[in-house]
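Student: To start, I am sharing the structure in question, which I have written as structure tokens.
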Amino acid sequence: MNTSILSARGLTKQYGPTVALAGVDLDILPGESVAIMGASGSGKTTLMHALAGIVTPDTGSIAFSTPTGVVRVDQLDERHRSQLRRESFGFVFQQGLLIPELTAVENVAIALMLGGTPRIAAETSAAAWLAALGLAGMETRRIGELSGGQAQRVAIARAQVTGAPIVFADEPTGALDSRTSADVMGALLHATTGQGRTLVLVTHDETVAARCSRTIRLADGRIVGQPGGVGAPTPPQQVATGQAPVPQQVQPPFPPQQLPYQQQHAGQPFPQQPYAQPAAQPYPQPAAQPYPPQAHPGQATGVVPNGARP
Ligand SMILES: Nc1ncnc2c1ncn2[C@@H]1O[C@H](COP(=O)(O)OP(=O)(O)O)[C@@H](O)[C@H]1O
Ligand SMILES: [Mg+2]
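Counting in full-length UniProt numbering, the sequence shown runs from 1 upward without gaps.
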């Protein structure tokens, strides 16, 4: 049985003569944090964008498991892919892509308002997330009035506020110094895997990757260094060998209504435990530790650990 939240098979993508993806198989389990590494041009961003329904692969399949059924991301039309991205996925980019004219709280609230949440409720949730990420008191600052690390935490809050079960982050610490990078990475893990969510992250930084539960490496559009070339979790979380069939049917028609994630999480001030700002730690920080070596949150026990932080 394939228990992946995301399962990709045979992904290829070409831009003119340039092969960006040359046949990628990848399984991602709920609650995992997966780092995608590789040289510039190796296809990292293309892979992430394909998984997230931003670009359509030329061939191959991407199955996204939701509590109400499996969604074939590669087969959705643009309108449904846009809806999927808005409702089920969160995004954090290197530069945050925040709106400079808006305040911190407005930048976060807008993600909920796009889904129809009224402004007051959206801003209440947004403020709770900002506080949870150590930004209490900075709600009304514009983005230009925040440091790079603070702005990235606003972007993280925006990616979480809708309750998205999967967060995609492309070089989220790429523009930060190493200390701020460690701080932002802690906040990102706390907000995602710490809440039982799944994080897919592209990074050039081995220190950042080491804090994820797993690293896959791309070269020339392929996953390298994995037996069989399949980006599957290693035992005991092994769920696929590359032969796992991808469900052919989208059922039910996506999406019939709000996904349960949204029903459960929208508008809830979460997480329960605020993100603990790293208190004046001596620099340099302790060497990065591998992110919890134990079972994935929510998988073995069904319990989502609050405040799980590496
Ligand atoms: N929109 C595009 N148009 C043309 N070529 C592209 C486009 N996006 C990516 N590529 C090319 O595809 C290859 C993989 O790019 P990308 O996925 O961005 O790599 P990475 O993120 O690992 O640097 C590169 O050779 C890049 O130049
Ligand atoms: Mg890239």
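All residues carry an ideal CB built from backbone N, CA and C; glycine is no exception.
May I ask you to check if the CB of lysine 44 is nearer than 7 Å to at least one heavy atom of ligand 2?
Tutor: It does: the Cβ of lysine 44 is within 7 Å (strictly closer) of some heavy atom of ligand 2.
Student: What does DSSP give as the partner residue(s) for arginine 72 in the beta ladder?
Tutor: According to DSSP, arginine 72 bridges with Ala63.
Student: Distance, Cα to Cα, glycine 10 vs glutamate 139?
Tutor: Rounded to the nearest angstrom, the two C-alpha atoms are 44 Å apart.
Student: Glycine 115 and threonine 162: beta carbons closer than 8 Å?
Tutor: Contact flag set, yes.
Student: Per DSSP, alanine 151 is paired with what?
Tutor: BP columns for alanine 151 are empty, so no partner.
Student: Compute the Euclidean distance between the alpha carbons of glutamine 75 and glycine 53, then round it to the nearest angstrom.
Tutor: Looking at the two C-alpha atoms, the distance is approximately 10 Å.
Student: Please work out which residues of its chain come closer than 7 Å, Cβ to Cβ, to isoleucine 28, disregarding the five sequence neighbours upstream and downstream, and give them in chain order.
Tutor: If we look at isoleucine 28 and ignore the five residues flanking it on each side, its Cβ neighbours are Ser4, Ile5, Leu6, Val34, Thr198, Val200.
Student: Rounding to the nearest angstrom, what Cα-Cα distance links threonine 56 and alanine 50 in this structure?
Tutor: Going by the C-alpha atoms only, they are around 6 Å apart.
Student: Counting Cβ pairs closer than 8 Å, one from the segment 140-155 and one from the segment 70-86, do we hit at least three?
Tutor: No, they do not touch.
Student: DSSP state of alanine 288, grouped into three classes?
Tutor: Residue placement at alanine 288 is flagged as unreliable, the pLDDT there being 34, under the threshold of 50; a coordinate-derived value is accordingly withheld.
Student: Where DSSP assigns a beta bridge to alanine 219, which residues make up the other side?
Tutor: DSSP, once it has assigned bridges, lists Arg222 as partnering alanine 219.
Student: Over what stretch of residues does the beta strand (DSSP E) that includes methionine 37 continue unbroken?
Tutor: It spans 33-38 - the beta strand (DSSP E) in which methionine 37 sits, taken as one unbroken run.
Student: Can you tell me whether DSSP reads glutamine 195 as helix, strand or coil?
Tutor: Three-state result, glutamine 195: helix.
Student: What does a CB cutoff of less than 7 Å around alanine 111 pick up in its chain, not counting 5 residues either side in sequence?
Tutor: Cβ neighbours of alanine 111 beyond the five flanking positions: Arg158, Val161, Thr162.
Student: Sort Gly186, Leu135, Val224, Gly221 by Cα distance to alanine 210 and report the nearest one.
Tutor: The shortest Cα separation from alanine 210 among Gly186, Leu135, Val224, Gly221 belongs to Gly186.
Student: What does a CB cutoff of less than 6 Å around alanine 20 pick up in its chain, not counting 5 residues either side in sequence?
Tutor: Lys13, Gly43, Thr46, Gly221.
Student: How is the alpha helix (DSSP H) around serine 88 delimited, first residue to last?
Tutor: Element bounds for serine 88: 78-88.
Student: Straight-line CA distance for leucine 102 to arginine 79?
Tutor: Distance between the alpha carbons of leucine 102 and arginine 79 is about 26 Å.
Student: Apart from the five residues on each side of it in sequence, which residues of its chain come closer than 6 Å, Cβ to Cβ, to threonine 192?
Tutor: Excluding positions up to five away in sequence, the list reads Val167, Leu199.
Student: If you reduce the DSSP assignment to three classes, tell me which class threonine 103 lands in.
Tutor: The answer is strand: DSSP assigns threonine 103 an E or B state.
Student: Out of Leu130, Gly194, Gly174, Val108, point me to the one whose CA is closest to proline 165's CA.
Tutor: That would be Gly194, whose Cα lies nearest to the Cα of proline 165.
Student: Let me check you understand the geometry: is the CB of glycine 38 closer than 7 Å to at least one non-hydrogen atom of ligand 1?
Tutor: Yes, since a heavy atom of ligand 1 falls inside the 7 Å radius drawn around the Cβ of glycine 38.
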